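Colleague: In this note's numbering, the protein residues as written are 98 to 285. We put the beta carbon where it would ideally sit given N, CA and C, even for glycine. All values reported here derive from a predicted model rather than from experimental measurement.
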Ligand code: FES
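1) Looking at the unbroken beta strand (DSSP E) that takes in residue 273, where does it start and where does it end?
2) Do residue 237 and the ligand FES come close, with the Cβ less than 6 Å from some heavy atom?
3) Please name the residue, chosen from 101, 241, 119, 278, that lies closest to residue 198 on a Cα-to-Cα basis.
4) Is the beta carbon of residue 244 within less than 6 Å of some heavy atom of the ligand FES?
5) Going by Cα to Cα distance, which pick from 133, 149, 132 is closest to residue 139?
6) Let me check understanding here. Comparing Cα to Cα, which of 137, 249, 245, 217 lies closest to residue 278?
7) Provide the residue span of the beta strand (DSSP E) that contains residue 136, from first to last.
8) Within the continuous alpha helix (DSSP H) that includes residue 190, where are the two ends?
9) Using the C-alpha atoms, what's the distance from residue 259 back to residue 196?
10) Between the region 207-225 and the region 254-274, are three or more C-beta pairs nearer than 8 Å?
11) Check whether the Cβ of residue 208 lies closer than 7 Å to any Cβ atom in chain D.
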């Protein structure tokens, strides 16, 4: 802004996730080869504009059953041996995230600043505690409804994030990003 003063005020901010595939190529094609009703373009690795164009051409060919030399390359169901080690590493990392179940912290509501969140142990329960920007306290079940990982407070985004498979929830527990489909449960 010091270099380009005419850029004006910041009006809004957002964030997103970059989806990386195991072999570095996007996933473009039929989601379920057998039924052919759903087609996807994903795993863009930050190249959404390129894949939007490429995927539009490729999927148009797939729908009209026109042979396309890229079809196998981008097939979402492809298997590549060179992707096996990254796949294994990612899955070990997912398992590693479950270690958070063994961390304990006593109730911290008294020392939470506005906009802070923390996971604490309350009896047998893991509880996601947050003090929102208005100073109000929220208590949610910290267990991710997808596959039981524990969410963590993301101070930058003010969200509850699950590091197992990337689900993200608002500070009130609503789903922002799957694979979880259910919100975090409220605790009383
Ligand atoms: Fe949370 Fe899978 S367990 S996203």
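Modeller: Judging by the given coordinates:
1) What you label residue 273 is simply residue 176 of the chain shown in a count that begins at 1. That run of the beta strand (DSSP E) goes 272-274.
2) For the purposes of this step, residue 237 is taken as residue 140 along the chain shown, with counting starting at 1. Because no heavy atom of the ligand FES lies under 6 Å away, the Cβ of residue 237 does not count as near it: no.
3) The count along the chain shown starts at 1 and reaches residue 198 at position 101. Closest option to residue 198, Cα to Cα, is 241.
4) Mapped onto the chain shown, residue 244 falls at position 147. Within the cutoff, so yes.
5) Sequence index remark: in the chain shown, residue 139 carries index 42 (1-based). Comparing Cα positions, the closest option is 149.
6) Working through the chain shown from its first residue, we reach residue 278 at position 181. Out of 137, 249, 245, 217, 245 has the C-alpha closest to the C-alpha of residue 278.
7) Position 39 of the chain shown holds residue 136. Looking at the DSSP string, the run of the beta strand (DSSP E) that includes residue 136 is 136-139.
8) Position 93 of the chain shown, counted from the start, is the residue given in the question as residue 190. Residues 181-194.
9) Within the chain shown, numbered from 1, the residue matching residue 196 stands at position 99. Within the chain shown, numbered from 1, the residue matching residue 259 stands at position 162. Cα to Cα, residue 196 sits roughly 13 Å from residue 259.
10) Counting Cβ pairs under 8 Å, three or more are found: they touch.
11) Going by chain labels, chain D is absent from the structure shown, which holds only one protein chain.
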